[in-house]
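Below is one structure, written out as structure tokens; comments come after it.
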């Protein structure tokens with residue numbers, strides 16, 4: 008854990024954990040991403056980028072990853088990732104429909120979120136999940152990793168839950184929810 012990560016943790020209360028997702032946890036999340044040539048992926052709350060980097064490592068050369076981060080220090084760290092497939096947005100994930108409109112996109116193949124829904128105000132969380140359901144292409148996936156199980160009720164209101172896994176080899180252990188449009 009770096010001093011910068013801790014500083015950003017204290018600065019932005021929307022960080023879900025004091026430790027980054029483990030390599031094992033990251034591999035389990037990345038394994039659930041669909042892959043095809045012109046795929047578009049959105050990552051809500053990439054933090055300092057460990058999952059972002061893993062996505063890029065597996066993404067086809069013609070893919071696009073849109074990383075939406077609200078913390079300015081994390082955005083600065085993300086800009087150090089030099090990859091033409093990565094578009095970093097300094098903003099809030101609940102503005103996803105506006106963000107996509109501004110970059111001339113209507114829909115995406117996959118959304119990945121580590122946003123702590125248990126710490127997010129209920130109306131904001133509800134709108135974010137509803138908007139995510141709206142922007143996904145048919146067959147698109149929403150991958151949500153959390154430290155609490157409670158997000159499953161929220162997801163079930165907008166998606167058919169197709170898969171949930173408990174990842175023990177992470178500190179703290181986390182839940183991975185995969186839902187499909």
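Numbering (the numbering used here), first residue to last: 8 to 188. Yeah, the Cβ is synthetic: ideal placement off N, Cα and C, and Gly gets one too.
Burial state of residue i (16 or more Cβ within 10 Å)
i: residue 20; result: Reliability fails at residue 20, whose pLDDT of 42 lies under 50, so the model's placement of it is uncertain and no value is given.
i: residue 168; result: exposed
i: residue 90; result: exposed
i: residue 173; result: exposed
i: residue 35; result: buried
i: residue 175; result: exposed
i: residue 114; result: exposed
i: residue 53; result: buried
i: residue 109; result: exposed
CB-CB length for residue i against residue j, believed under 8 Å
i: residue 88; j: residue 59; result: 7 Å
i: residue 188; j: residue 145; result: 6 Å
i: residue 95; j: residue 85; result: 5 Å
i: residue 181; j: residue 32; result: 6 Å
i: residue 148; j: residue 185; result: 6 Å
i: residue 116; j: residue 46; result: 5 Å
Any non-hydrogen atom of the ligand MG within 7 Å of residue i CB
i: residue 81; result: In the structure on display, the ligand MG does not appear, and there are no ligands present to speak of.
Residue i - containing alpha helix (DSSP H), residue span
i: residue 135; result: 129 to 142
i: residue 64; result: 57 to 65
i: residue 107; result: 103 to 109
i: residue 184; result: Where residue 184 is concerned, there is no enclosing alpha helix (DSSP H), although the beta strand (DSSP E) it sits in stretches over 181 to 187.
i: residue 36; result: 30 to 37
i: residue 159; result: 158 to 163
Which listed residue (the options) has its alpha carbon closest to that of residue i
i: residue 152; options: 183, 103 and 142; result: 183
i: residue 120; options: 51, 97, 175 and 41; result: 51
i: residue 43; options: 181, 31 and 62; result: 62
i: residue 103; options: 92, 140, 83 and 31; result: 140
i: residue 126; options: 150, 71, 155 and 180; result: 155
i: residue 64; options: 83, 92 and 45; result: 92
i: residue 111; options: 142, 41 and 56; result: 142
i: residue 100; options: 136, 81 and 66; result: 136
i: residue 55; options: 73, 37 and 81; result: 81
i: residue 41; options: 71, 123 and 57; result: 71
Enclosing beta strand (DSSP E) for residue i [first to last residue]
i: residue 79; result: Unbroken run through residue 79 is the alpha helix (DSSP H), 79 to 85; no beta strand (DSSP E).
i: residue 7; result: Only positions 8 to 188 of the chain appear in this structure, which leaves residue 7 out of reach.
i: residue 174; result: 167 to 174
i: residue 48; result: 47 to 51
i: residue 74; result: 71 to 76
i: residue 119; result: 115 to 120
Quiz item: Should the region 157 to 166 be called in touch with the region 77 to 86, which here means at least 3 C-beta pairs below 8 Å?
Solution: Taking 8 Å as the limit for Cβ pairs, the verdict is that the region 77 to 86 does not touch the region 157 to 166.
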